[in-house]
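K.L.:
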Amino acid sequence: MTQETKQQVKVLVFQLNDEEYTVPVENVGSIERMMPITRVPGAAEFVKGVINLRGVVTPVIDLRQRFDLEEMAATEQTRIITVSIEEIDVGLIVDGANDVLDLDEESIEPPPEVVGTIEAEYIEGVAKLDRRLLILLNMSKVLSKEDLESLKELEQ
Amino acid sequence: MDTNPYLEIFIDESKEHLQAINDHLLKLEQSPGDLKIVNEIFRSAHTLKGMSATMGYQDLSSLTHQMENVLDGVRNEQIIVDASMLDVVFDAVDDLEAMVMDIAGGGAGNRDVEQVVALLHAIESGDEPTGSPTTQDIHTKKQMEVDQFTLTVLEQSREQGLHNYNVEVRLREDCLLKAARVYMVFEVLEQLGEVVQSEPSVEQLENEEFGLTFSVLLVTGENEGEVKDRILKVSEIEEVHVNEFSAAPPAAQPSESIIQPEESPVETENTKADQESPEKKQVANKTIRINIDRLDMLMNLFEELVIDRARLEQISQDLKHGELQETVERMSRISGDLQSIILNMRMVPVEQVFNRFPRMVRQLSRDLDKQVDLTVVGAETELDRTVIDEIGDPLVHLIRNALDHGIESPEQRESKGKPPTGSLELKAYHSGNHVFIEITDDGGGINKEKVVSKAIANGVVTEEQAQGFNDQQIFELIMASGFSTADTISDVSGRGVGLDVVKNTIESLGGTITIDSELDKGSIFSIQLPLTLSIISVMLVEVQSEKYAIPLSSIIETAIVKKEDILHAHNKKVIDFRGKVVPLVFIKDVFDVPETLEEEEHYSVVIVRKGNKMAALVVNSFIGQQEVVLKSLGEYLSGVFAISGATILGDGQVALILDSNALIK
């Protein structure tokens, strides 16, 4: 292994609609089983509500809804990944999360025009690993400020 | 010596001691002859001096030292306690406070205190304080030149019953190895006690750079004769002079156990401070200081425990296992006790805020040439730490206001047939879930006409609006922004920006402020505050299948209303509640709650208020009253309409807390 030259990132792999996505491990707080979610009226549609994460009230985002995928009932595999992005803690509802990988930075490519059904603006890049195609998410876009602003508009 | 770990403790304790000095000085002013009070002040000052010297804050320690000298004079009845003397001492305390604040802010605690030091000296030497630095340090002119630090060390050892001697040694003219003799003399001296300073310096002595005489400053428990005899045992010594160094008479009782030959004065200082600590502990309460974040952490963890406890209770009920049930029950009780202890830990007596007011009132009344008698009632009333931290400034402002605008000058008061001394009462008490703080003065009261005309002139209200105002509403005008009733702007208060800030601060704490006043009789400013900001009493309600919490503080009452009792006004549904028309607010519609329940014949309503306005919130059922821990929704969801926060219920689920103020238009 010649690791001196290769920069590696450790990522958590999660599933969404049979596709595999990744977030950097350093942003991940924990992986939780599905738990009761309290709806927050007036929040954006993709904000499912809030959960009690060991005494801390944490907002939860339904990634399926965020990416305009069809809704699906939670299964045994459904997980809430809590991530911390720019000082904000949120939970992400995903179909499953079970893998941590080391990605060579070299293997990461800029996003192609169309990847799956998700709009490219949320995608930072794609990485090929054997036969798997991993999508790197741009988390700050996923939580983006515009959405926060749209939240505020709702208030008025 | 790395003193950083002790810095926080030092700052906290210094503040405490300064507060104690302040308090006792005020008492001393009341009863100038009471030497017990002087002793208390002296003790605080002394500890402060020791601590600051240990920490290396020379300015702080030397100023305290000067103050101590004056106090010593008082103690020995050489100095008479009077207003001008107290003024100087108060000034000195102010300077000390400023230094401590500087240190707390990361500074070195340096401050130009020459003026105050000179004044203290003047008092000490019996002169009237003239304001000009005249007198010379009595210690330095007599004998060896010593710096402030050494002086502090000497002073301290004197306090501990040790002697400070100026030992002058003269060697015989035919002495050959002067350095060797000096070494032997020092050997002897170190056995006796501790050499603080020598002249010439030790290096010079070792290099024989001196004539035949040298002198040292010795701190020892032995008496003069003994010292002299021991030194004379060294051969080739011509003569030895031993005399007391300090001008002040030393305390007797030499104690030998404390004598430890030390090389560096700093370390010496350290051991001295250590020896002092038992005394210090007797004065202070047995407390430790904890960062409030840790308490929050503890509380968070405890909540987790409560949730698991609820689950455990459920399991034990299902299993119907006798022993398990018993244990779980016991655990529940214990954790209940634990909860109240944790909650109580965050409570601190309001005294922390109140104790700085007597001093402030004294100063202000002098500045304003008024005579004011301040009474403090209920200083032991406890409030949450977070509230305590915030309430100080508004109170300062209200007190300043009462002194400046409320209480009249003695002449004015006499012409109104009132005693020349005004009274100001600061009172705190518990009532229900709230703490009340009242500031009562017997001053001029609020002139309603003047307030109204001023408010109209300043565009706060229109004339038509003001017509219908009751007294309460008129008084509230003085808390509107852009308002000042003082005809002249003074230093103390009255720039018209104050009272509205006070009102905002109190409201942001979840409290309210009301004013009651009678012309020429006085005013009462009454502040109502929640006991804590983190725990609130709520009414849990169900809206369809969702649970919401409504703060009890805004609820007037709950009611069940028949559908046919609902009236319509301007296409709005209203009810007649005790003779008042109250609009209905359907939470289900406001929050788009998914409908799961059939519409009922009766509405359960919670009547809430905001000021004089009311609204009836329609819910599906009442669950009950509960104490909950207020949690923020986090930054990501900040600013959600009509939701002020969230809380975690016993079953581990999150319930949102309604902000009923947002629902009342």
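Protein sequence lines correspond, in order, to chains A and B. With this note's numbering, letter number 38 in the first sequence gets 30, and the count goes up by one each step, no holes. In this note's numbering, each residue's number is its place in the second sequence (first place is 1) plus 1. The beta-carbon is built from N, C-alpha and C at its ideal position, and this holds for glycine as well.
Closer than 8 Å is the cut-off here; do at least three beta carbon pairs connect the region 409 to 420 of chain B with the region 385 to 392 of chain B?
P.N.:
no
K.L.:
Can a CB atom of chain A be found closer than 7 Å to the CB of aspartate 442/B?
P.N.:
Stepping through the second sequence from its first residue, residue 442/B is reached at position 441. No, aspartate 442/B lies away from the interface with chain A (no Cβ there is under 7 Å from its Cβ).
K.L.:
Drop a sphere of 10 angstroms on the beta-carbon of isoleucine 644/B, count the other beta-carbons inside from all chains shown, and report buried for 16 or more, exposed for fewer.
P.N.:
If you number the second sequence from 1, residue 644/B lands on position 643. Under this definition isoleucine 644/B is a buried residue.
K.L.:
Could you please tell me which residues of the region 592 to 621 of chain B, in chain order, have their CB closer than 9 Å to any CB of chain A?
P.N.:
Phe592, Asp593, Val594 and Pro595
K.L.:
Give the secondary structure of proline 33/A by DSSP, where H, G and I count as helix, E and B as strand, and everything else as coil.
P.N.:
Here residue 33/A corresponds to residue number 41 of the first sequence, with the count starting at 1. Three-state result, proline 33/A: coil.
K.L.:
With 7 Å as the C-beta to C-beta threshold (strictly closer), list the residues of the region 503 to 520 of chain B near chain A in chain order.
P.N.:
none
K.L.:
List, in chain order, every chain A residue whose beta-carbon is nearer than 8 Å to that of alanine 1/B.
P.N.:
In the structure as shown, chain B begins at 2 and stops at 666. Residue 1/B is therefore absent and cannot be evaluated.
K.L.:
State the Cα-Cα distance for the pair glutamine 315/B and glutamate 11/A, rounded to the nearest angstrom.
P.N.:
For the purposes of this step, residue 315/B is taken as the residue at position 314 of the second sequence. For the purposes of this step, residue 11/A is taken as the residue at position 19 of the first sequence. Approximately 40 Å between the Cα atoms of the pair.
K.L.:
At a Cβ cut of 8 Å, what residues of the region 293 to 313 of chain B count as close to chain A, listed as they run along the chain?
P.N.:
Asn301, Leu302, Glu304, Glu305 and Ile308
K.L.:
List the residues of chain B that isoleucine 85/A touches, going by C-beta distances under 8 Å, in chain order.
P.N.:
Position 93 of the first sequence holds residue 85/A. Correct list: empty, because the minimum Cβ distance to chain B is about 15 Å.
K.L.:
Can you look up proline 350/B in the DSSP assignment and give me helix, strand or coil?
P.N.:
As a position in the second sequence, residue 350/B is number 349, starting the count at 1. Reduced to three states, the DSSP call for proline 350/B is strand.
K.L.:
Give me the residue from Arg401/B, Thr153/B, Gln59/B and Gly74/B with the minimum Cα distance to valine 113/B.
P.N.:
Sequence index remark: in the second sequence, residue 113/B carries index 112 (1-based). Checking the displayed sequence, the identity of residue 113/B turns out to be aspartate instead of valine. The residue with the shortest Cα to Cα distance from aspartate 113/B is Gln59/B.
K.L.:
What is the DSSP secondary structure of glycine 444/B, reduced to helix, strand or coil?
P.N.:
Indexing the second sequence from 1 puts residue 444/B at position 443. Glycine 444/B falls in the coil class under three-state DSSP.
K.L.:
So does the region 186 to 203 of chain B actually touch the region 232 to 244 of chain B, counting three or more Cβ pairs closer than 8 Å?
P.N.:
yes
K.L.:
Can you pull the DSSP bridge partners for valine 117/B?
P.N.:
As a first step, residue 117/B is located in the second sequence; it is residue number 116 there, counting from the start. For valine 117/B, which the question treats as bridged, DSSP gives no partner whatsoever.
K.L.:
Does DSSP put glutamate 600/B in a helix, a strand or coil?
P.N.:
As a first step, residue 600/B must be located in the second sequence, where it is residue number 599. DSSP places glutamate 600/B in coil when its eight states are reduced to three.
K.L.:
Determine the chain A residues that contact lysine 632/B at a beta-carbon separation under 7 Å, and present them in chain order.
P.N.:
The residue given as residue 632/B occupies position 631 in the second sequence. Ordered by position in chain A, the residues that pass the 7 Å Cβ test against lysine 632/B are Val49.
K.L.:
Less than 7 Å between C-beta atoms, sequence neighbours within five positions excluded: which residues of the same chain meet that for glutamate 156/B?
P.N.:
Position 155 of the second sequence, counting from 1, holds the residue named residue 156/B. The answer, listed in chain order, is His66.
K.L.:
Leaving out five residues on either side along the sequence, give the residues of the same chain with a beta carbon under 7 Å from the beta carbon of asparagine 130/A.
P.N.:
On the first sequence, position 138 is the one that residue 130/A refers to. So the list reads Tyr114, Ile115 and Glu116, once near-sequence residues are dropped.
K.L.:
So, with DSSP's three-state summary, where would you put asparagine 224/B?
P.N.:
Residue mapping note: residue 224/B aligns to position 223 of the second sequence, counting from 1. Three-state DSSP puts asparagine 224/B in coil, outside helix and strand.
K.L.:
Around the C-beta of aspartate 94/A, are 16 or more other C-beta atoms found within 10 angstroms, so that it is buried, or is it exposed?
P.N.:
For the purposes of this step, residue 94/A is taken as the residue at position 102 of the first sequence. It counts as exposed.
K.L.:
Measuring only the C-alpha atoms, how far is leucine 425/B from leucine 87/B?
P.N.:
Along the second sequence, read from residue 1 onward, the residue named residue 425/B stands at position 424. Along the second sequence, read from residue 1 onward, the residue named residue 87/B stands at position 86. In a straight line, the C-alpha of leucine 425/B is about 22 Å away from that of leucine 87/B.
K.L.:
Let me know if tyrosine 430/B comes out buried or exposed under the rule of 16 or more other beta-carbons within 10 Å of its beta-carbon.
P.N.:
Mapped onto the second sequence, residue 430/B falls at position 429. Flag for tyrosine 430/B reads exposed.
K.L.:
Could you check if aspartate 569/B is buried or exposed, using at least 16 other CB atoms within 10 Å of its CB as the buried criterion?
P.N.:
As a working mapping, residue 569/B is identified with position 568 in the second sequence. Correcting the residue type first, residue 569/B is histidine in the shown sequence and not aspartate. Exposed.
K.L.:
Are arginine 347/B and aspartate 385/B touching if we call contact CB-CB under 7 Å?
P.N.:
As a working mapping, residue 347/B is identified with position 346 in the second sequence. As a working mapping, residue 385/B is identified with position 384 in the second sequence. Contact flag set, yes.
K.L.:
For glycine 41/A, which residues does DSSP report across the bridge?
P.N.:
In the first sequence, residue 41/A corresponds to position 49, counting from 1. DSSP output for glycine 41/A lists Val52/A as bridge partner(s).
K.L.:
Does the beta carbon of valine 92/A sit closer than 7 Å to a beta carbon anywhere in chain B?
P.N.:
Position 100 of the first sequence, counted from the first residue, corresponds to residue 92/A. So, not an interface residue.
K.L.:
Of all Cβ atoms in chain B, is any one closer than 7 Å to the Cβ of glutamine -1/A?
P.N.:
Along the first sequence, one-based indexing puts residue -1/A at 7. Output row for glutamine -1/A: interface = no.
K.L.:
For the region 546 to 559 of chain B, which residues have a beta carbon sitting closer than 7 Å to at least one beta carbon of chain A?
P.N.:
Glu547
K.L.:
Quick one: does glycine 653/B have its CB under 7 Å from some CB of chain A?
P.N.:
Residue mapping note: residue 653/B aligns to position 652 of the second sequence, counting from 1. True, the Cβ-Cβ gap to chain A drops below 7 Å.
K.L.:
Reducing DSSP to helix, strand and coil, say where glutamate 412/B ends up.
P.N.:
For the purposes of this step, residue 412/B is identified with residue 411 of the second sequence, where counting begins at 1. If DSSP states are grouped into helix, strand and coil, glutamate 412/B belongs with the helices.
K.L.:
Out of Phe6/A, Gln0/A and Gln(-1)/A, state which residue places its alpha-carbon closest to the alpha-carbon of valine 75/A.
P.N.:
The residue you call residue 75/A lines up with position 83 of the first sequence. Nearest option by C-alpha distance: Phe6/A.
K.L.:
Determine the DSSP secondary structure at serine 1/B, reduced to helix, strand or coil.
P.N.:
No information on residue 1/B is available, as it lies outside the stretch 2 to 666 that chain B covers here.
K.L.:
Just verifying my parser: in three-state terms, what is the DSSP assignment at glutamine 1/B?
P.N.:
Because chain B spans 2 through 666 in this model, residue 1/B falls outside it and cannot be assessed.
K.L.:
Identify, in the order they occur along the chain, each residue of the same chain with its Cβ nearer than 6 Å to the Cβ of phenylalanine 38/A, setting aside the five sequence neighbours on each side.
P.N.:
Within the first sequence, the letter at position 46 stands for residue 38/A. Within the same chain, phenylalanine 38/A has close Cβ partners Ile53, Asp54, Gln57 and Arg58.
K.L.:
So which of Val39/B, Leu302/B, Leu8/B and Ile608/B has the shortest CA-CA distance to valine 620/B?
P.N.:
On the second sequence, position 619 is the one that residue 620/B refers to. Nearest of Val39/B, Leu302/B, Leu8/B and Ile608/B to valine 620/B, Cα basis: Ile608/B.
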